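Numbers in my numbering are just positions in the sequence shown, counted from 1, shifted up by 807.
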Amino acid sequence: MAGESTNNNEIVIPQLSRIWLAPVGTAAPADATVAMPAGWHTVGLFTEDSLKFNSEPNFEQVRSAQSSYPTRTFQTTDAATVEVDLQQWSGKNFKAVYGGGSITAITPSGGGAKHFKFSPPRIGGRTEIAACIEIIDGGKHYRYIIPRAMQMEGVSKDLAKTKESVLPLRLAVQGGDDTDAWYLITDDPAFQPPAPTITTVTPSTGPIAGGTVVTITGTNLDGATAVTFGGAAGTALSVESDTELTVTTPASTSGAKDVVVTTSGGSATETGGFTYA
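So, in structure tokens, the structure goes:
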């Protein structure tokens, strides 16, 4: 079918998954494959089909007497959750599942190895944690980074004789206007942004003193980080849309100069696109 794009390499099968936890504020990994920074620990084994990451935005609709359909829809809140059933019992996993708590050592009255007492947090004593969901599919790696999350559900455990008893980790993502509530890092080439193109440069001439406001049209211009004229950076760069941006020319020497637009997807060059006179 015309315009259809199919690629079975873009199907993701989580062949290996890990959950990492850390205190809030711990440095996050800088890319999808670097070793996890100090302070992170894995929860260990968890059941093979229990891991879920849910994004749950909430919307409201404005209804009007003049229409049978909503006349406006707007988002009121955003939310995301992590669900996974942990198979390994440990002090760190109990603290994660119960939202904090404390562990104290007890010396048995009869001697021998120490015993340990876990006390869940009291009301108002739950603590936030940072989380990282790591997914590996062959040579592709994905890391969901969650700077702040909190266990916000009760804990129900089945203590059956015929199967392992799991710890239900149910994290609610916490957010703020000053940072991303969560983000994804990946080396999957399918995420590579498209390269920009340049269609027109208007006006195409200006004084050598610079200061000319130039409009550049093209494609994939959203997120442009720089525009150069003969290698000199333009100023006052403003991306109006994915197909248009404006920039002010720098000072230069007379003659035609190459105009280069740079985005995260690459660079586009209009050879001799602006002439200084």
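By construction, the Cβ of each residue, glycine as well, lies at the ideal position given by its N, Cα and C atoms. No experiment lies behind these values; they were computed from the predicted model shown.
Helix, strand or coil: how does DSSP classify residue i here?
{"i": "lysine 970", "result": "coil"}
{"i": "asparagine 814", "result": "coil"}
{"i": "glycine 1073", "result": "strand"}
{"i": "lysine 899", "result": "helix"}
{"i": "glutamine 894", "result": "coil"}
Apart from the five residues on each side of it in sequence, which residues of its chain come closer than 6 Å, Cβ to Cβ, to residue i?
{"i": "proline 864", "result": "Gln882, Asp885"}
{"i": "leucine 852", "result": "Gln894, Gln895"}
{"i": "glutamine 868", "result": "Pro877, Thr880"}
{"i": "cysteine 939", "result": "Trp827, Arg950, Ile952"}
What are the residues that DSSP puts in a beta bridge with residue i?
{"i": "methionine 957", "result": "Ala979"}
{"i": "proline 830", "result": "Ile936"}
{"i": "isoleucine 943", "result": "Leu823, His948"}
{"i": "tyrosine 1083", "result": "Gly1013, Gly1062"}
{"i": "tyrosine 905", "result": "Answer by DSSP bridge pairing: none, since tyrosine 905 is not bridged."}
Quick one: what's got a C-beta closer than 7 Å to residue i's C-beta in the same chain, skipping five residues either side?
{"i": "threonine 914", "result": "Lys921"}
{"i": "isoleucine 943", "result": "Gln822, Leu823"}
{"i": "serine 1061", "result": "Ile1015, Tyr1083, Ala1084"}
{"i": "threonine 849", "result": "Arg825, Ile826, Trp827"}
{"i": "alanine 1002", "result": "Asn1027, Gly1072, Gly1073, Ala1075"}
Report the residue from the options whose alpha carbon sits nearest the alpha carbon of residue i.
{"i": "phenylalanine 925", "options": "Trp896, Arg950, Gly945", "result": "Trp896"}
{"i": "isoleucine 769", "options": "Lys1064, Glu935, Arg950", "result": "Only positions 808 to 1084 of the chain appear in the structure, and residue 769 is not among them; the question remains open."}
{"i": "threonine 1035", "options": "Ala1075, Tyr990, Gln999, Glu867", "result": "Ala1075"}
{"i": "valine 831", "options": "Phe866, Glu890, Gly982", "result": "Gly982"}
{"i": "isoleucine 930", "options": "Ala938, Gly908, Phe923", "result": "Gly908"}
{"i": "threonine 1069", "options": "Ser972, Glu1047, Thr1050, Leu1028", "result": "Leu1028"}
{"i": "serine 1086", "options": "Gly898, Ala1033, Thr1024, Ala887", "result": "Any question about residue 1086 goes unanswered here, given that the chain covers just 808 to 1084."}
Leaving out five residues before and five after residue i in sequence, what residues of the same chain have Cβ atoms less than 8 Å from its Cβ?
{"i": "glycine 1017", "result": "Thr1055, Thr1056, Pro1057, Ala1058, Ser1059"}
{"i": "valine 962", "result": "Val904, Tyr905, Leu974, Pro975"}
Can a CB atom of chain B be found closer than 8 Å to the CB of residue i?
{"i": "glutamate 1077", "result": "Protein chains in the displayed structure number just one, and chain B is not present."}
**OP:** Identify every run of the beta strand (DSSP E) within the segment 985-1039, keeping only runs that are complete inside it and at least 3 residues long; order them along the chain.
**Re:** 990-993, 1004-1009, 1020-1026, 1033-1036
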